Amino acid sequence: MYSKKVMQYFRKPKNLGPMKDADAVGQVGNMVCGDVMKIYLKIKNKVITKATFETFGCVSAIASSSILTEMIKGKTIEEALKITKQDVIDALDGLPAIKIHCSVLATEALAKAVENYRKKI
Ligand code: FES
């Protein structure tokens, strides 16, 4: 059902955990499945220097948020916001059709974190 990449990011998630000195935090939840995702960002000169996540959710949600934190590291805020759910799905070598919404949660959490950051500056 899941690609090797999904299982790899689920079993050994990269960038897992809260960030005490985060410049921005974005949290979203899915009303249907009840999953909750939080993304923390460290931003310097509009570049995301560090990203971590906490996800209380399914295999796909954990893998999606973990790989997204890898994908956005070193990117400017604008570049990171251009990452689509399809980019996340492709980076994971695919997700089952019924799990597509989990990747949406990751990009939404990122958008919320950026929104949170922009309110502060
Ligand atoms: Fe809810 Fe995956 S089932 S995010």
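With the working numbering applied, the sequence shown covers 6 to 126.
We put the CB at the ideal spot given by N, CA and C, even for glycine.
Computed from a predicted structure; not experimentally measured.
Cβ neighbour criterion (16 or more within 10 Å) applied to residue i
i          : result
residue 31 : buried
residue 42 : buried
Boundaries (first-last residue) of the alpha helix (DSSP H) holding residue i
i           : result
residue 19  : Careful: residue 19 lies outside any alpha helix (DSSP H) and carries neither H nor E.
residue 103 : Segment: none, residue 103 is in no alpha helix (DSSP H) and carries neither H nor E.
Near ligand 1: residue i beta-carbon under 7 Å from a heavy atom
i          : result
residue 62 : yes
residue 35 : yes
residue 40 : yes
residue 10 : no
residue 65 : yes
Endpoints, beta strand (DSSP E) assigned at residue i
i          : result
residue 42 : 41 to 49
Closest by C-alpha distance to residue i, when choosing among the options
i           : options          : result
residue 120 : 108, 90, 104, 86 : 86
residue 125 : 12, 15, 51       : 51
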